[in-house]
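Presented below is the structure to which this report refers.
Numbering (our numbering), first residue to last: 6 to 241.
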C-alpha cells in the first residue's frame, strides 16, 4: 500500500469514507462496538493484521499457554509489522479483555498504528493513557482466557459484524473504525478528499442562509458555484 494513500485516507473522516463505500455498494464496513478508548488519540489509517479468538475450552485455555511464544495472541505482539493495526476478533464478547496495559505498551513501543477489537481491554485507564489509538468495547477485568482461546493469525476474521481480510485498510477517528478494501483504497482516497472539499463549500452555503434543498445534495446551479469557489479558494 502506497504511504501517500494511507496518509490521504487518514485525513478523511470515517463518515465520508462510509458514504464513498456506500456509493460503491458496500454497506457493511463500520465496526460496530469498537469505540475510541481515548478520543484525543484516535486518528489512524493502516493495514490490518488480524487475530482470531474462538470460544474458551478448558483443555485449551490454560494459563500455561501465555508463556508459549507460538500462542497466537503472544506471537502477534512480537510479529505484527510496525505501522500496521492489530484487529482482534473477540466475537463481541464483553466479559474479558483481549489485551492489557503491558502488551499494549509493547505494541506502542514497536510502532504499530492502532489496536481495534469488538471486545474490551483490561487495565482500561492505563491503556487509554498511552499514545496508541485503541478502539474497543470499553474495559473488563478478567483475562482473555476466561472466555477466549487465541486460534489464528493473519486469516479472515469478523470484527463488529464486518468481514476483515489481512491487508484491508482500517481508518479510525472519533466516530469509530471503517474497513476499506485494499483494491478500492486509492480511488476512495481521491474521491473522499473531493467529497470533503465539496461538503466544506456546501456547509458554508447553508451557514450563509441557503436552504438545504438544492444545496445538499447540490443541484447544477450549486455545483457551478462550487467550481467557481474551487478556482479561487483552493491551491492546486
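In this text, a Cβ means the ideal position worked out from N, Cα and C, and glycines have one as well. Quick caveat, the model's predicted, so the values are computed rather than measured.
Helix, strand or coil: which one does DSSP assign to residue i?
i, result
"residue 147", "coil"
"residue 71", "helix"
"residue 56", "strand"
"residue 162", "strand"
"residue 29", "coil"
"residue 155", "strand"
"residue 10", "helix"
"residue 122", "strand"
"residue 241", "Low confidence applies to residue 241: its pLDDT is 49, below 50, so where it sits in the model is not reliable enough to give any reading."
"residue 20", "helix"
"residue 44", "helix"
Does the beta-carbon distance from residue i to residue j come in below 9 Å?
i, j, result
"residue 176", "residue 17", "yes"
"residue 123", "residue 105", "no"
"residue 112", "residue 52", "no"
"residue 164", "residue 171", "no"
"residue 46", "residue 181", "no"
"residue 194", "residue 27", "no"
"residue 7", "residue 191", "yes"
"residue 101", "residue 183", "no"
"residue 55", "residue 84", "no"
"residue 126", "residue 41", "no"
"residue 162", "residue 57", "yes"
"residue 144", "residue 44", "no"
Considering just the uninterrupted stretch of the beta strand (DSSP E) at residue i, what are its terminal residues?
i, result
"residue 233", "Note, residue 233: premise wrong, no beta strand (DSSP E); alpha helix (DSSP H) at 225 to 238."
"residue 175", "174 to 178"
"residue 90", "90 to 94"
"residue 181", "181 to 185"
"residue 168", "167 to 169"
"residue 141", "139 to 141"
Need the endpoints of the alpha helix (DSSP H) that residue i sits in, please.
i, result
"residue 197", "190 to 212"
"residue 133", "129 to 133"
"residue 81", "77 to 84"
"residue 107", "106 to 115"
Since residue i contacts residue j with CB under 8 Å, what's their CB separation in whole angstroms?
i, j, result
"residue 90", "residue 117", "7 Å"
"residue 20", "residue 141", "Incorrect: roughly 20 Å between the Cβ atoms, too far for contact."
"residue 173", "residue 185", "7 Å"
"residue 167", "residue 35", "7 Å"
"residue 92", "residue 169", "6 Å"
"residue 108", "residue 70", "Actually they do not touch by this definition, with Cβ atoms about 14 Å apart."
Next item on the list: Check whether the region 201 to 216 touches the region 72 to 79, taking contact to mean three or more Cβ pairs, one atom from each stretch, closer than 8 Å.
Entry: no
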